[in-house]
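Numbering (the working numbering), first residue to last: 5 to 125.
Below, the structure written as structure tokens:
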């Protein structure tokens, strides 16, 4: 994990903030007439999907997270869950439909997808 300054956060960056994993959706550098510049960042929680607007000053540092990319095969839909299989270990992974979002409608049996994992989660 690498530390970056608050003004270096860009859309798509995954950071650890307030004990959770967040992806930067939108960023805007604000330079007020009085005081130092800051980065206004719209964050989305990777676990539960909640959104948060946060200000980061250039002096603040945050932990940038590196996610592991792994290939999975889509197996089937089970109620509100989608079941995928790791193509290397054959372990199954279950994700909630709302976590996948609108993209769930395009999944077909046997389709290969890339899943981003953090600490095997």
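All C-beta atoms, glycine included, are put in the ideal place defined by N, C-alpha and C.
Shown here for residue 29: same chain residues with a beta carbon closer than 6 Å to its own, the five before and five after excluded, namely 46 and 48 in chain order. Look at residue 30 here: in three-state DSSP terms it is strand.
C-alpha of residue 98 to C-alpha of residue 36: approximately 46 Å in a straight line.
Here residue 85 has 98, 99, 100 and 101 as same chain residues with Cβ atoms under 8 Å from its own Cβ, once five neighbours each way along the sequence are excluded. Taking all protein chains shown into account, residue 32 has fewer than 16 neighbouring C-beta atoms within 10 Å of its C-beta and is therefore exposed.
Closest in alpha carbon position to residue 87, among 27, 71 and 104, is 104.
Under the DSSP assignment, residue 76 falls in the beta strand (DSSP E) whose first and last residues are 72-82.
By the neighbour-count definition (other C-beta atoms within 10 Å, threshold 16), residue 51 is an exposed residue. By the C-beta criterion, the region 52-68 is judged not to be in contact with the region 113-120, since fewer than 3 inter-stretch pairs fall below 8 Å. When secondary structure is reduced to three states using DSSP, residue 101 falls in the helix class. Ranked by Cα distance from residue 79, the options 70, 95 and 34 are led by 95.
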